[in-house]
Amino acid sequence: MKEFLVFAISTLNFLISYSQEKNFLLNRPLLSAVDSIEKVYKGEEFIPTFTISVSKDYFPNADKFDLATPLIFFRKGNTFSTEMNYYFSLPDSTIRLISYSWDGNPKLSDELNALFETNADYFSEYFGHSGEIKNETHDTWAQKSLTWENDIVHVYQFIVSGKNTNRVRVLISWK
C-alpha cells in the first residue's frame, strides 16, 4: 500500500506540473496578436486601475525602454492560474518582456517545485544546456533562479518560497 501511495503521489505531481501552461512564447509576438493568443488559452483580461512598472534590472536593458502598463491576462489551470503580463515599449508598441507567474500557498510548495523543475527541463532542452543557477537564502524567504540565453532571447526563471510568498515566475525578453 505504501509503494502505491508513493507511486500515486509521484504520478499526480507529474500530471499537475505538465497540466500547467507550457506554451512559452520564445519568439517575440506582435502586440496586436496578444488578444488572439489569449483567446486560444482562454485568458481573461485584467485591466489595472493603477500603474505597473518594473525596476531597471528586472530584465536585461529594462532601463532603456519606456514601458507602458502591461496587458494582463489570467489563465485558469488545474492547480494554479497563470498570470500573463505582456510589457511593451512606447511609442513603438514592441513587446519587450512576457512574464508568466504562478502563485500558491505553502501547502502547494511541492507542486510549485515540480512546476519549476518541469519548466527548467523545458528551457534546458530548448537552449541545449541546464542554465546558470543561483540560490539565495534570507531570514524569511529563499529563492532559486535559473538563466538561459542565446543571441535572440533571454529567459530568467525563479522560485520564491517564504511565509508570505510562494511563486514561480518566468521572464522572457528579447535582445
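Under this note's numbering, residues 2 to 176 are what the sequence shown spells out, in order.
C-beta atoms are modelled at their ideal positions from N, C-alpha and C, and glycine is treated no differently.
Practice problem: Quick one: grab the DSSP three-state call for glutamate 22. | Solution: Along the sequence shown, one-based indexing puts residue 22 at 21. Because the pLDDT at glutamate 22 is just 48, under 50, the model does not fix this residue reliably, and the value given afterwards should be weighed accordingly. Note: glutamate 22 maps to coil in three-state DSSP.
Quiz item: From what residue to what residue does the beta strand (DSSP E) around phenylalanine 75 run?
Solution: Stepping through the sequence shown from its first residue, residue 75 is reached at position 74. Here the beta strand (DSSP E) through phenylalanine 75 covers 72-76.
Quiz item: Can we say the region 87-99 touches the region 156-174, given the rule of at least three CB pairs closer than 8 Å?
Solution: Yes, the region 87-99 touches the region 156-174.
Quiz item: Mind checking glutamate 112: buried by the 16 CB within 10 Å criterion, or exposed?
Solution: As a working mapping, residue 112 is identified with position 111 in the sequence shown. Its Cβ being crowded by 16 or more others within 10 Å, glutamate 112 is buried.
Practice problem: Pick out the complete alpha helix (DSSP H) segments inside the region 93-150, 4 residues or longer, and give them in chain order. | Solution: The alpha helix (DSSP H) runs of length 4 or more contained entirely in the region 93-150 are, from start to end of the chain, 110-128.
Self-check item: Proximity of phenylalanine 66 and serine 102 at Cβ, strictly below 7 Å
Solution: By one-based count along the sequence shown, residue 66 stands at place 65. By one-based count along the sequence shown, residue 102 stands at place 101. Their beta carbons are not under 7 Å apart, which means phenylalanine 66 does not touch serine 102 by this criterion.
Quiz item: What residue range is occupied by the uninterrupted alpha helix (DSSP H) comprising leucine 35?
Solution: Position 34 of the sequence shown, counting from 1, holds the residue named residue 35. Reading the sequence as shown, one finds valine at residue 35 and not leucine. Taken as a continuous stretch (DSSP letters only), the alpha helix (DSSP H) holding valine 35 covers 35-41.
Exercise. For alanine 69, I'd like the list of residues in its chain whose CB is within less than 6 Å of its CB, leaving aside the five on either flank, ordered along the chain.
Key: Within the sequence shown, residue 69 is the residue found at index 68, counting from 1. Taken in chain order, the residues that qualify are Phe89 and Leu91.
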